[in-house]
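Terminal number for the sequence shown in numbering that gives the first Met the number 0: 368, no gaps in between.
For every residue, glycine included, the Cβ atom is placed at its ideal position computed from N, Cα and C.
What follows is a single structure, written as structure tokens, with notes after it.
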Amino acid sequence: MGFFDFFRKKPGTDNPEELITKRWVPNSDGTYSDIVRNYDPHELAARFGVRTFETWFHRLEQRLGQSLGRRLAHAALEHEEYMIGLGGFPSPSGRDISRWSGAELDWQSRGMGHYSMLEDGGEARILIENPASASICSGFITGAWENATGKRHRFLWSQNTEDGLIVTLSLDEKSIPSPTRSTVSWPESASVIPMPENIEESWEDLRIDSSGVWSIMGERRMMVHRDLILRFEEFCLPYLQSIEEGRQDMQWPLEDEQQSIWWTAAADSMRETFFESGRHILVSKPEDWIGIARRHLSIEGLGSVKSAKSIDAHGGVELQFSGCFHPALAGGVLLACWERAHGRRGSLKCTFNSGAVSLSLSPSVAIAE
0 MGFFDFFRKK
10 PGTDNPEELI
20 TKRWVPNSDG
30 TYSDIVRNYD
40 PHELAARFGV
50 RTFETWFHRL
60 EQRLGQSLGR
70 RLAHAALEHE
80 EYMIGLGGFP
90 SPSGRDISRW
100 SGAELDWQSR
110 GMGHYSMLED
120 GGEARILIEN
130 PASASICSGF
140 ITGAWENATG
150 KRHRFLWSQN
160 TEDGLIVTLS
170 LDEKSIPSPT
180 RSTVSWPESA
190 SVIPMPENIE
200 ESWEDLRIDS
210 SGVWSIMGER
220 RMMVHRDLIL
230 RFEEFCLPYL
240 QSIEEGRQDM
250 QWPLEDEQQS
260 IWWTAAADSM
270 RETFFESGRH
280 ILVSKPEDWI
290 GIARRHLSIE
300 GLGSVKSAKS
310 IDAHGGVELQ
320 FSGCFHPALA
330 GGVLLACWER
340 AHGRRGSLKC
350 TFNSGAVSLS
360 LSPSVAIAE
């Protein structure tokens, strides 16, 4: 049976772990391919701890001094509409959501939780149990509902219990054009090579906890496409003016000042989140960073480092990527690794050289020779 034949079968007839491991295939550049989307190199994905993502998101809100939940939800709605248009799974059709077999498979394999209908009258009310993210799941279910009904809807969500989220949808006569492909603003690998032989290592200790809920090493995870992160970033940019708290000294090769603000806030939020995880990082030579990136970036789909060289006598290093999910997220993780390894505050400078992303990590203040 081929990969696509597997996903066309009726849900519930196979090992649920295979729904995940057969869909998300590790790539040579440290990202994941979504094979349902026919290995489209633009539709890369990464794996996030649910709590890690929520912590990163709330810290991003703090640094930008703004509430971003609604923007993430609208980015998720637009993303879902775009992904449904790519095909792969049967599209949602009709108002009976229990018959959305393709959406059910999609939610299970992304780790988003489980949905069911509460009420379908003047307004539709849908219950999402164990949502991975209230904003993301609200946007996803709205996108699916709009596709199934062929009409736009306004949506609100409320989460009055730890395990339940209620999304209320009402008809909206507004006309909104269909989304187009999101734009990547950094150099990408010329070829992304899927590596199915690495599936077993990438998905070691995978456990299914319930419908749409799975974990690795006891931590609940979810899969997030890069397209969603890019759309979220785009929804945020028009409203950004400054960073309200946190670091502001990261350097990016970007012409758009608002984009630089978002990247700095996103990287610093990820740096703090990863730093507090308490990982032990040991570095004895620059080449050790290739293995560090493999353990803390590639296994989660955030990218891969292909070369490392020393740039000073105090642990400073320049890392060149072979592939990168998003420079701000990968940069935040690696800066946290550098600070844990050297026990002092570091600085980050990103450049785009020779068609690749490079990061320079070094002490934030000059150290006497």
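Decide if residue i is buried, meaning its Cβ has at least 16 other Cβ atoms within 10 Å, or exposed.
| i | result |
| --- | --- |
| K284 | exposed |
| K400 | Residue 400 lies beyond the stretch modelled for the chain, which goes from 0 to 368, so this question has no answer here. |
| G1 | Note that G1 has pLDDT 45, beneath the 50 cutoff, so the model's placement of it is unreliable and the number below is only indicative. Exposed. |
| P176 | exposed |
| A264 | buried |
| M116 | exposed |
| P237 | exposed |
| G277 | exposed |
| S363 | exposed |
| G345 | buried |
| S169 | exposed |
| A312 | exposed |
| S132 | buried |
Could you please give the first and the last residue of the uninterrupted alpha helix (DSSP H) stretch that includes residue i?
| i | result |
| --- | --- |
| H313 | Segment: none, H313 is in no alpha helix (DSSP H) and carries neither H nor E. |
| P15 | 15 to 20 |
| W99 | Here W99 belongs to no alpha helix (DSSP H), and DSSP marks it neither H nor E. |
| P326 | 326 to 341 |
| W261 | 256 to 274 |
| W55 | 49 to 63 |
| G84 | 68 to 85 |
Return the first residue and the last residue of the beta strand (DSSP E) that residue i is part of.
| i | result |
| --- | --- |
| G345 | 345 to 352 |
| G163 | 163 to 170 |
| H370 | This structure cannot settle anything about residue 370, because the visible part of the chain is limited to 0 through 368. |
| D287 | No beta strand (DSSP E) contains D287, which is instead part of the alpha helix (DSSP H) from 287 to 295. |
| P362 | 355 to 362 |
| S134 | Taken as a continuous stretch (DSSP letters only), S134 belongs to no beta strand (DSSP E), being part of the alpha helix (DSSP H) at 133 to 148. |
Go through its chain and collect everything with a Cβ distance to residue i's Cβ below 6 Å, but skip five positions before and after it.
| i | result |
| --- | --- |
| F273 | V332, A335 |
| K308 | P285, E317 |
| S32 | V24, N26, Y38, P193 |
| T350 | P252, S357 |
| I198 | T20 |
| A327 | W262, A265, A266 |
| G30 | At residue 30 the sequence reads Thr, which differs from the Gly that was named. Result list for T30: L43, G300, G322, F324, in chain order. |
| Q250 | K348 |
| R50 | none |
| W55 | S268, M269, T272 |
| W99 | P91 |
| G64 | E243 |
| I96 | M116 |
| E232 | W261 |
| E77 | P178, R230 |
| A72 | S134, S137, G138 |
| L205 | E16, I215 |
Per DSSP, which residues does residue i bridge with? Please list them.
| i | result |
| --- | --- |
| I215 | L205, E218 |
| C113 | According to the sequence provided, residue 113 is His. The question's Cys does not apply to it. In DSSP, H113 forms a bridge with E128. |
| A44 | Y31, H224 |
| S309 | V316 |
| N26 | P193 |
| G302 | C323 |
| D248 | DSSP, once it has assigned bridges, lists no residue as partnering D248. |
| E122 | According to DSSP, E122 bridges with nothing at all. |
Suppose the cutoff is 7 Å on Cβ atoms and the five residues either side in sequence are ignored; what does the same chain contact list for residue i look like?
| i | result |
| --- | --- |
| D171 | R151, H152, R153 |
| E79 | G138, F139, G142, A143 |
| C136 | M111, G112, I127, P130, L164 |
| R109 | M221, M222 |
| S210 | Q107, H113 |
| D105 | F88 |
| S66 | E60 |
| P195 | V24 |
| I228 | H325 |
| R58 | S268, E271, T272 |
| R343 | P362 |
Tell me, please, whether the CB atom of residue i is closer than 7 Å to any CB atom in chain C?
| i | result |
| --- | --- |
| G330 | Of the protein chains in this structure there is only one, and it is not chain C. |
Leaving out five residues on either side along the sequence, give the residues of the same chain with a beta carbon under 8 Å from the beta carbon of residue i.
| i | result |
| --- | --- |
| V191 | N26, S27, D28, T30, S32, Y38, P40, L43, G322 |
| R339 | F274, R278, H279, I280 |
| E203 | I215 |
| K173 | R151 |
Kindly confirm or deny that the stretch 293 to 309 and the stretch 74 to 92 touch, where touching means at least three C-beta pairs closer than 8 Å. no
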